[in-house]
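There are 2 protein chains.
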Amino acid sequence: MKIVFASTNRGKLREAAEIFKDFEIVPINTFSAWKSPDENGSTFLQNAVIKAEAAAKSAPDSIVLADDSGLVIPALDGAPGIFSARFSKEGTDAANREKLLAELSGKSDRSAYFVCAAVLIFPDKTVFAAEGRCYGRIIESCRGDNGFGYDPLFVPEGYGRTLAELSEDEKNSISHRGRAFRKLLTFKGSSI
Amino acid sequence: MKIVFASTNRGKLREAAEIFKDFEIVPINTFSAWKSPDENGSTFLQNAVIKAEAAAKSAPDSIVLADDSGLVIPALDGAPGIFSARFSKEGTDAANREKLLAELSGKSDRSAYFVCAAVLIFPDKTVFAAEGRCYGRIIESCRGDNGFGYDPLFVPEGYGRTLAELSEDEKNSISHRGRAFRKLLTFKGSSI
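Top to bottom, those sequences are chains A and B. Here the first sequence is numbered in the numbering used here, starting from 11 and rising by one per residue. Here the second sequence is numbered in the numbering used here, starting from 11 and rising by one per residue.
Below, the structure written as structure tokens:
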């Protein structure tokens, strides 16, 4: 069975394919009707629902999957939060990480956690959603080439390596997105 | 077990209590932290999620329930839709109905349907949502004293009476909200 994923991010698509093993993960941009929506929600869940509903509109007969994820830093009052992907003016991974390091400079509390809200919408408009978190801390400079976004700066609790230094399998087993996706898989009462 | 319902509408509270029989339905305004959120979503589901998340913030240890409902009229391009409760300037039931009758005046297609998006959020942030619909048509003038909102103008398919002329039990058995709530009850894998 197919799951249409409202993302074109290769890293996320790989992560989804790895976890939803029994399904074929289809990126939403293979549907010509797809138009990326305005993510103007005020929470991860709201933005994930906005994306999932936009995907469901383009692919009404499919199960659709969407997620919204971000990094929450208590010492920065929760920033970058839902603005994680557009934290810096440039909005690139490198510029976002640079801004993060600048804002954390001199702060003693470098604890942080990733949050992922993941949403499945079925053709009959029933919806399952779940949240996954990954707790850790932000280090002083980037390490590792795997992963994307803030991964090279984030050392998960109980680890010495950054998320970008972990193998894909290791990352999926502890990542916020992996946890949220696996919770979706445990839901019953649907065709999934 | 308790379910905190993000509504203070007596009609909705009664409808919820009737369907979630095995639970105690607690109105959200018994929580002092409750602040009614801006319902600025662009779909019923998005507004229901906004309300449910606001309720979950006020009552983080409870299962919370929220819904967003409205009347969709194809001949009016889907209006009043998510603006059903604030269709007229005054925003009262009577003024909304009056505006609806004025806009439908002279239209031959008076078919309409109610939509309800209902959302449950659990303390672990898993979410179930479902949609219910009730198809029918808009008559020329109000009939019946039960129900609220557009009920006195709406005759469900297969019925001769308006929703406001049906008993509470009859209405719950076919209403959009009743259908959505009952779908939530069928979901498995949670403590509900």
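Backbone N, C-alpha and C fix where the C-beta goes; we use that ideal spot for every residue, glycine too.
Minimum Cβ-Cβ distance from VAL137 of chain A to chain B less than 7 Å: As a first step, residue 137 of chain A must be located in the first sequence, where it is residue number 127. With respect to chain B, the C-beta atom of VAL137 of chain A has a partner C-beta closer than 7 Å.
Any chain A beta carbon closer than 7 Å to ALA140 of chain B: Mapped onto the second sequence, residue 140 of chain B falls at position 130. Yes, ALA140 of chain B lies at the interface with chain A (some Cβ there is under 7 Å from its Cβ).
Stretch-stretch touch, CB-based, cutoff 8 Å, three pairs: the region 93 to 106 of chain A with the region 86 to 99 of chain B: Contact between the region 93 to 106 of chain A and the region 86 to 99 of chain B is absent, because fewer than three Cβ pairs lie under 8 Å.
Cα-Cα separation, ALA127 of chain A to CYS152 of chain B: The residue labelled residue 127 of chain A in the question sits at position 117 within the first sequence. The residue labelled residue 152 of chain B in the question sits at position 142 within the second sequence. Distance between the alpha carbons of ALA127 of chain A and CYS152 of chain B: 44 Å.
Cβ shell of ILE131 of chain A (< 6 Å), same chain only, five flanking positions each side left out: The count along the first sequence starts at 1 and reaches residue 131 of chain A at position 121. The answer, listed in chain order, is ALA62, ALA66, VAL74 and VAL137.
Where ALA174 of chain B sits in the DSSP three-state scheme: Within the second sequence, the letter at position 164 stands for residue 174 of chain B. Look at ALA174 of chain B here: in three-state DSSP terms it is helix.
Amino acids of chain B, ordered along the chain, whose beta-carbon sits closer than 8 Å to that of GLU63 of chain A: Reading the first sequence from its first residue, position 53 is the one you call residue 63 of chain A. Below the 8 Å Cβ cutoff, chain B contributes THR53, LEU55 and GLN56 as neighbours of GLU63 of chain A, in chain order.
Cβ-based burial, SER201 of chain B [other Cβ within 10 Å; buried from 16]: Against the second sequence, residue 201 of chain B aligns to sequence position 191. Low confidence applies here, because SER201 of chain B scores a pLDDT of 48, under 50, leaving its location unreliable; read the following figure in that light. Exposed is the call here.
Among A:GLY21, A:PRO133 and A:SER52, the one whose alpha carbon lies nearest that of ALA69 of chain A: Residue numbering aside, residue 69 of chain A sits at position 59 when the first sequence is read from its first letter. Restricting attention to A:GLY21, A:PRO133 and A:SER52, the CA atom closest to the CA of ALA69 of chain A is found in A:PRO133.
Test item: CB-CB of ASP87 of chain A and ALA58 of chain A under 7 Å: If you number the first sequence from 1, residue 87 of chain A lands on position 77. If you number the first sequence from 1, residue 58 of chain A lands on position 48. Not in contact: ASP87 of chain A and ALA58 of chain A (Cβ atoms no closer than 7 Å).
Length-filtered (3 minimum) beta strand (DSSP E) runs lying within the region 50 to 82 of chain A: Runs found: 73 to 82.
Reduced DSSP category for PRO47 of chain B - H, G, I as helix; E, B as strand; rest coil: Start at 1 with the first residue of the second sequence, and residue 47 of chain B comes out as number 37. Three-state DSSP puts PRO47 of chain B in coil, outside helix and strand.
Beta-bridge partners of LYS31 of chain B, as assigned by DSSP: By one-based count along the second sequence, residue 31 of chain B stands at place 21. Answer is none; LYS31 of chain B lacks a bridge partner.
Cβ contact (3+ pairs, closer than 8 Å) linking the region 111 to 129 of chain B and the region 180 to 189 of chain B: Yes: at least three Cβ pairs fall under 8 Å.
Limits of the unbroken beta strand (DSSP E) element including LEU130 of chain A: One-based indexing of the first sequence puts residue 130 of chain A at position 120. Unbroken beta strand (DSSP E) run through LEU130 of chain A: 121 to 131.
Candidates B:GLN56, B:ASN182, B:LEU163 and B:LEU111, of which the one nearest ASP48 of chain A by Cα: Here residue 48 of chain A refers to the residue found at position 38 of the first sequence. In terms of CA proximity to ASP48 of chain A, B:GLN56 leads the group B:GLN56, B:ASN182, B:LEU163 and B:LEU111.
Distance between beta carbons of GLY154 of chain A and ALA174 of chain A, contact taken as under 8 Å: For the purposes of this step, residue 174 of chain A is taken as residue 164 along the first sequence, with counting starting at 1. For the purposes of this step, residue 154 of chain A is taken as residue 144 along the first sequence, with counting starting at 1. So it is a contact: roughly 3 Å between Cβ atoms.
Terminal residues of the beta strand (DSSP E) in which ILE12 of chain A lies: Here residue 12 of chain A refers to the residue found at position 2 of the first sequence. Looking at the sequence itself, residue 12 of chain A is Lys, so the reference to Ile does not match. Boundaries of the beta strand (DSSP E) around LYS12 of chain A: 12 to 15.
Reduced DSSP category for ILE148 of chain B - H, G, I as helix; E, B as strand; rest coil: What you label residue 148 of chain B is simply residue 138 of the second sequence in a count that begins at 1. Note: ILE148 of chain B maps to strand in three-state DSSP.
Buried/exposed call for GLY116 of chain A, threshold 16 Cβ in 10 Å: On the first sequence, residue 116 of chain A is found 106 positions in, with the first residue counted as 1. It is exposed - the Cβ of GLY116 of chain A has fewer than 16 other Cβ atoms within 10 Å.
For GLU100 of chain A, the three-state DSSP class (helix, strand or coil): As a first step, residue 100 of chain A must be located in the first sequence, where it is residue number 90. Judged by DSSP in its simplified three-state form, GLU100 of chain A adopts coil rather than helix or strand.
Identity of the residue in A:PHE41, A:LYS31 and A:ALA105 nearest VAL14 of chain A by Cα: Translated into positions along the first sequence, residue 14 of chain A becomes position 4. For VAL14 of chain A, the closest alpha carbon among the candidates A:PHE41, A:LYS31 and A:ALA105 is that of A:PHE41.
ILE83 of chain B vs ALA122 of chain B beta-carbon contact at 7 Å: By 1-based counting over the second sequence, the position of residue 83 of chain B is 73. By 1-based counting over the second sequence, the position of residue 122 of chain B is 112. Closer than 7 Å, so yes.
Beta-carbon spacing of LEU176 of chain B, ARG107 of chain B below 7 Å: Sequence index remark: in the second sequence, residue 176 of chain B carries index 166 (1-based). Sequence index remark: in the second sequence, residue 107 of chain B carries index 97 (1-based). In this structure, ARG107 of chain B does not lie closer than 7 Å to LEU176 of chain B by Cβ.
Residue-level contact to chain A via CB, VAL82 of chain B, 7 Å cutoff: In the second sequence, counting from the first residue as 1, residue 82 of chain B sits at position 72. Not one chain A Cβ lies under 7 Å of VAL82 of chain B.
Residues sharing a beta bridge with PHE158 of chain A, DSSP: Reading the first sequence from its first residue, position 148 is the one you call residue 158 of chain A. In DSSP, PHE158 of chain A forms no bridge with anything.
Minimum C-alpha distance to ARG147 of chain B - residue among B:ASP119, B:PHE54 and B:ALA139: On the second sequence, residue 147 of chain B is found 137 positions in, with the first residue counted as 1. Selected option, being the one with the closest Cα: B:ASP119.
Contact list for the region 179 to 193 of chain B against chain A, Cβ threshold 9 Å: If the cut-off is 9 Å between Cβ atoms, the region 179 to 193 of chain B has LYS193 near chain A.
beta-carbon ALA127 of chain B near the ligand FMN non-hydrogen atom, thresh 6 Å: Absence of the ligand FMN is noted for the structure shown, with no ligands found whatsoever.
For PHE191 of chain B, the first and last residue of its enclosing alpha helix (DSSP H): Here residue 191 of chain B refers to the residue found at position 181 of the second sequence. Looking at the DSSP string, the run of the alpha helix (DSSP H) that includes PHE191 of chain B is 186 to 196.
Beta-carbon neighbours of ILE13 of chain A, restricted to chain B and to distances below 9 Å: Here residue 13 of chain A corresponds to residue number 3 of the first sequence, with the count starting at 1. Under the 9 Å cutoff, chain B gives no residues; its nearest Cβ is about 18 Å from ILE13 of chain A.
Separation of LEU23 of chain B from PHE158 of chain B, as counted between CA atoms: Locating residue 158 of chain B in the second sequence gives position 148, where the first residue counts as 1. Locating residue 23 of chain B in the second sequence gives position 13, where the first residue counts as 1. In a straight line, the C-alpha of PHE158 of chain B is about 12 Å away from that of LEU23 of chain B.
Other residues of its chain near LYS109 of chain A: CB distance less than 7 Å, five sequence neighbours each side excluded: Here residue 109 of chain A refers to the residue found at position 99 when the first sequence is read from its first residue. Apart from the 5 residues on each side of it in sequence, LYS109 of chain A sits with its Cβ closer than 7 Å to the Cβ of PHE97 and SER98 in its chain, given in chain order.
Which of helix, strand or coil DSSP assigns to PHE93 of chain A: In the first sequence, the residue the question calls residue 93 of chain A occupies position 83. In this structure, PHE93 of chain A counts as helix in the three-state DSSP scheme.
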